[in-house]
Amino acid sequence: MAHTQLFSANEITQAIEYSRWLIGMENCHNGWTKANITGLNEFMSSNLFGQPFVHSIVIRSLHNHLLDLTSQKPLVLSFHGPTGTGKNFVAKNIAKYVMGKNKSRFVHTFISTLHFPSQNLIEEYKSQLAAWITGNLTICPYSIFIFDEIERMPPTLLDSVTGFMDYSGVVNNVDYGKAIYLLLSNSGSGFIINRTVELFIQGYSRNSIKFSQIENFKNNPDVTQENLAQRFNMPIGVINSTLKKMQLYGSRRHKQKKNITFKSCTDKIYDHGFRTNVSVITP
Numbered sequence: 001m002a003h004t005q006l007f008s009a010n011e012i013t014q015a016i017e018y019s020r021w022l023i024g025m026e027n028c029h030n031g032w033t034k035a036n037i038t039g040l041n042e043f044m045s046s047n048l049f050g051q052p053f054v055h056s057i058v059i060r061s062l063h064n065h066l067l068d069l070t071s072q073k074p075l076v077l078s079f080h081g082p083t084g085t086g087k088n089f090v091a092k093n094i095a096k097y098v099m100g101k102n103k104s105r106f107v108h109t110f111i112s113t114l115h116f117p118s119q120n121l122i123e124e125y126k127s128q129l130a131a132w133i134t135g136n137l138t139i140c141p142y143s144i145f146i147f148d149e150i151e152r153m154p155p156t157l158l159d160s161v162t163g164f165m166d167y168s169g170v171v172n173n174v175d176y177g178k179a180i181y182l183l184l185s186n187s188g189s190g191f192i193i194n195r196t197v198e199l200f201i202q203g204y205s206r207n208s209i210k211f212s213q214i215e216n217f218k219n220n221p222d223v224t225q226e227n228l229a230q231r232f233n234m235p236i237g238v239i240n241s242t243l244k245k246m247q248l249y250g251s252r253r254h255k256q257k258k259n260i261t262f263k264s265c266t267d268k269i270y271d272h273g274f275r276t277n278v279s280v281i282t283p
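Next comes the structure, spelled out in structure tokens:
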């Protein structure tokens, strides 16, 4: 396997600046980055069907983030649900309407199985990903980063990404607080589908289901390795190993003594692997 060339954040920044100067690419401070939330709202009203949670939460979250000029934290939106429910569709159109154009230079998409395929190169991936994020935020603090198939991303690599989501404001002359991170995942699909079907049988229409009816169900199944494995789309062996390392879950006796709930388990695992400030379910 060929050696992967590593670049520093400064080298990446200089390369981006030079290429933009050469071919006149969009400028972070011109009209390209003027968000059109009204346009996105109208587009979603006409083109996004069966996803009322997504529509309302996305518009409200973007509106609050983009209008709050004092914001010190990046916006993180996490979309969960099975394949074909519109996660990529929504993410691409968020990028389009926030940046004011298709295929903006300041939108960066990573697909876990495509960009990070080798378990043997995790440290190199971490270094390059950190340099890429920092370099691009140096050029444009309003950059958007889309991570697809995050359930397939190695936990330690995911840790390196979530570190940027925790930054507040300006650090070492880089403004981390204006960025937007969109995380797309199939994790939790089984729970979401089952609960949606259950509510449909009870007489609820898709648009009448409340977010709390899905969220509460999602957070409160029995605490079993099987349920946790389904929730995170991981093999049971990986779940067991993770929980043991965290000293969170052991025997039934240990679980009862610690009063462990499914929600506390998932919260701890999310804290161990990644955190988001907004989670959107897409049944």
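With full-length UniProt numbering, letter number 229 in the sequence shown gets 229, and the count goes up by one each step, no holes. Every residue gets a Cβ at the ideal spot worked out from N, C-alpha and C, and that includes glycine.
About 7 Å separates the Cβ atoms of Ser112 and Asp148, confirming a contact at the 8 Å cut-off. With a contact defined as Cβ atoms closer than 8 Å, Ala95 and Val107 qualify at about 4 Å.
Here Asn136 is buried: its Cβ has 16 or more other Cβ atoms, across all protein chains shown, within 10 Å. The C-beta of Phe79 has 16 or more other C-beta atoms within 10 Å across all chains shown, which makes the residue buried. Closest in C-alpha terms to Thr156, from the list Val90, Ile122, Tyr97, Thr38, comes Ile122. Counting only residues of its own chain and dropping the five nearest sequence neighbours on each side, Arg206 has a CB closer than 6 Å to the CB of Gly50. In this structure, Pro82 places its C-beta atom within 8 Å of the C-beta atom of Asn186. Annotation for Phe147: the continuous beta strand (DSSP E) segment containing it runs 144 to 148. When DSSP states are grouped into helix, strand and coil, Leu75 belongs to the strand group.
Rounded to whole angstroms, the gap between the alpha carbons of Glu198 and Gly86 is 21 Å. Using a Cβ distance threshold of 8 Å, Gln72 and Gly169 count as a contacting pair.
Judged by DSSP secondary structure, Ile180 falls within the beta strand (DSSP E) whose first and last residues are 180 to 185. In this structure, the alpha-carbon of Phe211 lies about 7 Å from that of Phe53. Taking Tyr125 as the centre and dropping the five residues before and after it, the same chain places the C-beta of Phe116, Leu157 closer than 7 Å to its C-beta, in chain order. Counting the other Cβ atoms within 10 Å of the Cβ of Glu151 gives 16 or more, which makes it buried.
Cβ-Cβ distances below 6 Å link Leu62 to Ile37 in the same chain, with the five nearest sequence neighbours on each side left out; the list follows chain order. Separation of Ile144 and Asn120 (C-alpha to C-alpha, rounded to the nearest whole angstrom) is 28 Å. At a Cβ-Cβ threshold of 8 Å, Arg195 and Ile180 do not count as neighbours.
Excluding the 5 residues flanking it on each side, Asn93 has same chain C-beta neighbours closer than 7 Å at Leu40, Phe43, in chain order. Taking 4 residues as the shortest admissible run, the segment 94 to 143 contains the following complete alpha helix (DSSP H) segments, listed from N- to C-terminal end: 112 to 115, 122 to 139. For Val171, DSSP records a beta bridge to Val174. If you look at Thr156, you'll find it in the alpha helix (DSSP H) that goes 155 to 166. Looking at Met153, Leu129, Ile193, Ile209, the one whose alpha-carbon comes closest to that of Gly84 is Ile193.
Minimum Cα-Cα distance from Met153 among the listed residues Ser118, Ala130, Ser189 corresponds to Ser118.
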